[in-house]
Amino acid sequence: MNDTSPLKTGRKPRVAVVFGGRSSEHGISCVTAGSVLAAIDREAYDVVPVGIATDGRWVLEADEPGRLAIRGSDLPEVDADRSPVALMGVTTGTDLVVTEAASVPSVIGEVDVVFPLLHGPWGEDGTLQGMLEMAGVRYVGSGVLASAIGMDKAYMKVVLQAAGLPVTPGIVVTRSEWEQDPVGCRARVEDLGFPSFAKPARAGSSMGISKVHDATEVEGALEEAFRHDPKVLVEQSMEGAREVECGVLGTFEGPPETSRPGEVRTGGDHEFYDFEAKYLADQHTEIDIPADLPAATEQELRAMAVRAFEALSCEGLARVDFFVMPDGSLVINELNTMPGFTPTSMYPQMWAASGMSYPELVDRLVQLALRRGTGLR
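Per UniProt numbering, the very first residue in the sequence shown carries number 1; after that it's consecutive.
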């Protein structure tokens, strides 16, 4: 930590809230950012909203949380016409600079922490984290390796299995494999059994996921997933299982904490917790926080969540999703290093049920980031 750290000088830390991005989850990232901008303590922090447009341009966004809300079924997006900004390394740290064409660059000031609220590729997968590491800027959440593994569900399973944790059985099908040997790929999916789920290996927010009921649906499900990622994970459907999630949060000293678990149940026309059920159809989704679990099962689930967090070398926050099988056994579905983070998302709701409010959660994450270094610290 350099001598100009706000923790040493006493000035208010400057937090750049970065959101949007190039992935298909651009809109959800904007919604998350609106919630954080509304909740972050302006008495404690200087806040600068930075949007990444869908074409990758960084812009100085308006500090208007209300604009970043879902309107009916319409998701917000970054205003690409706003002033472009860039991170620029200086002797004492990293400045945020407005770079309007045909004008002298305007320095906003040193950035102490980046709060990256991007979901999906080019933001949640270690790419942004690597850039921030190179720039020597502290940031909220997991580092490059954990972010990359957490984004790629296939490699996540490899790491979790190596740590002795149970995961959903599945196979990987790539676009090139499908194009070269569709008969062989179809046979592999059929050998896995039906029903199953086909999902992009490196996407989130339940985008591109299909439930595959029989062999006639294999091609359509793979093609839908390939629209989001040339690498697809096909997993057994854990029929009869309950979907239970647990939040993990870093501490200033010692092991991470876990929240009370929450259970998600979908109804109506939703066979699973898809994008619409998550964000656009609350009337068909029921959430129980805390989940109705035997005390011993909850204790085991929370311990497994910490083991998964540490197996991937996560930092800051993560949400670990489980299947609770009919016999009471636990299987890890996935770990998300930047979970949905609106006040109505599962992660903040689970922490609220555990005694930590949304503003307190935001503050904890910023403070954790301020106390970390970059690189091999």
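A virtual CB, placed ideally from N, CA and C, is assigned to each residue, including glycine.
Residue i in three-state terms, based on DSSP
i: Asp95; result: strand
i: Thr216; result: helix
i: Met131; result: helix
i: Ser210; result: strand
i: Trp58; result: strand
i: Lys231; result: strand
i: Pro200; result: strand
i: Gly123; result: coil
i: Pro65; result: helix
i: Phe341; result: coil
i: Gly150; result: helix
i: Met88; result: strand
i: Gly20; result: strand
i: Gly316; result: coil
i: Thr258; result: strand
i: Val78; result: coil
i: Gly27; result: helix
i: Arg188; result: helix
i: Gly373; result: coil
i: Gly34; result: helix
i: Leu293; result: coil
i: Ile40; result: coil
i: Pro326; result: coil
i: Asp363; result: helix
i: Met304; result: helix
i: Met356; result: coil
Close-in-space but distant-in-sequence residues of the same chain around residue i (CB under 6 Å, 5 per side omitted)
i: Pro343; result: Ser35, Tyr358
i: Ala318; result: Val248, Phe309, Leu335, Thr337
i: Pro166; result: Val331
i: Val189; result: Val218, Val234
i: Lys231; result: Thr174, Ala201
i: Asp229; result: Pro200, Ala201, Arg202, Ala203
When the options are compared against residue i, the one with the closest alpha-carbon
i: Thr266; options: Val324, Ser176, Glu243, Ile171; result: Glu243
i: Leu96; options: Asp214, Pro49, Arg71, Gly126; result: Pro49
i: Ala221; options: Ser210, Pro230, Lys231; result: Ser210
i: Val173; options: Gln180, Leu233, Arg202; result: Leu233
i: Glu286; options: Gly109, Met346, Pro116, Pro121; result: Met346
i: Ala62; options: Ser73, Val17, Gly109; result: Val17
i: Ala303; options: Ile289, Gln349, Ser259; result: Ser259
i: Arg14; options: Asp81, Val137, Gly72, Ser24; result: Val137
i: Thr127; options: Val111, Ile149, Phe197, Arg82; result: Ile149
i: Gly66; options: Arg371, Val31, Met88, Leu87; result: Val31
i: Ala295; options: Gly355, Phe197, Glu315, Gly328; result: Gly328
i: Glu263; options: Arg227, Met356, Asp125, Glu298; result: Glu298
i: Met151; options: Gly193, Gly164, Asp125; result: Asp125
i: Gly109; options: Met207, Arg71, Gly89, Ile171; result: Gly89
i: Ala352; options: Asp288, Glu315, Arg371, Leu370; result: Asp288
i: Glu64; options: Leu365, Ser147, Leu37; result: Leu37
i: Pro116; options: His26, Gln161, Gly164, Val183; result: His26
i: Gly254; options: Val306, Tyr155, Ser142; result: Val306
i: residue 381; options: Thr216, Cys246, Lys199; result: Limits of the chain in this structure are 1 at one end and 377 at the other, which puts residue 381 out of reach.
i: Ala187; options: Ser24, Ala135, Thr216, Pro256; result: Thr216
Residues of its chain near residue i, where Cβ-Cβ distance is below 7 Å and the 5 sequence neighbours each way are ignored
i: Glu133; result: Val144, Thr374, Gly375
i: Ala53; result: Gly20, Val59, Val78, Ala80
i: Gly56; result: Arg22
i: Glu360; result: none
i: Cys185; result: Val173, Glu177, Trp178
i: Trp291; result: According to the sequence as given, residue 291 is Ala; it is not Trp. So the list reads Val244, Pro261, Gly262, Glu263, once near-sequence residues are dropped.
i: residue 378; result: Residue 378 cannot be examined here, being either before or after the span of the chain that is shown, 1 to 377.
i: Leu160; result: Val167, Ala308, Ala311, Ile332
Nonlocal neighbours in the same chain, by C-beta distance under 8 Å from residue i, ignoring five residues either side
i: Lys12; result: Pro6, Ala44, Tyr45, Asp46
i: Thr168; result: Lys157, Glu235, Gln236, Met238, Phe323, Val331, Ile332, Asn333
i: Arg372; result: Arg138, Glu315
Residues sharing a beta bridge with residue i, DSSP
i: Asp321; result: Glu245, Glu334
i: Ala46; result: Before going on, a small fix: residue 46 reads as Asp here, not Ala. Note: Asp46 sits in a beta bridge opposite Arg14.
i: Thr174; result: Lys231
i: Tyr139; result: Val114
i: Val167; result: Ile332
i: Gly51; result: Phe19, Val59
i: Asp288; result: Glu263
i: Gln236; result: Ser196
i: Arg71; result: Asp74
i: Gly250; result: Answer is none; Gly250 lacks a bridge partner.
i: Gly109; result: Leu96
Nearest-angstrom beta carbon gap, residue j and residue i [assumed within contact, 8 Å]
i: Val85; j: Thr99; result: 7 Å
i: Gly130; j: Gly21; result: Contact flag wrong, Cβ pair sits at about 15 Å.
i: Ala241; j: Met350; result: Contact flag wrong, Cβ pair sits at about 19 Å.
i: Pro261; j: Leu312; result: 19 Å between Cβ atoms; not a contact.
i: Leu68; j: Ala33; result: 6 Å
i: Phe197; j: Val212; result: 7 Å
i: Phe194; j: Asp214; result: 5 Å
i: Glu315; j: Gly250; result: 6 Å
Chain B contact for residue i (CB, 8 Å cutoff)
i: Ile28; result: As a matter of chain content, chain B is missing from the structure shown, which is built from one protein chain.
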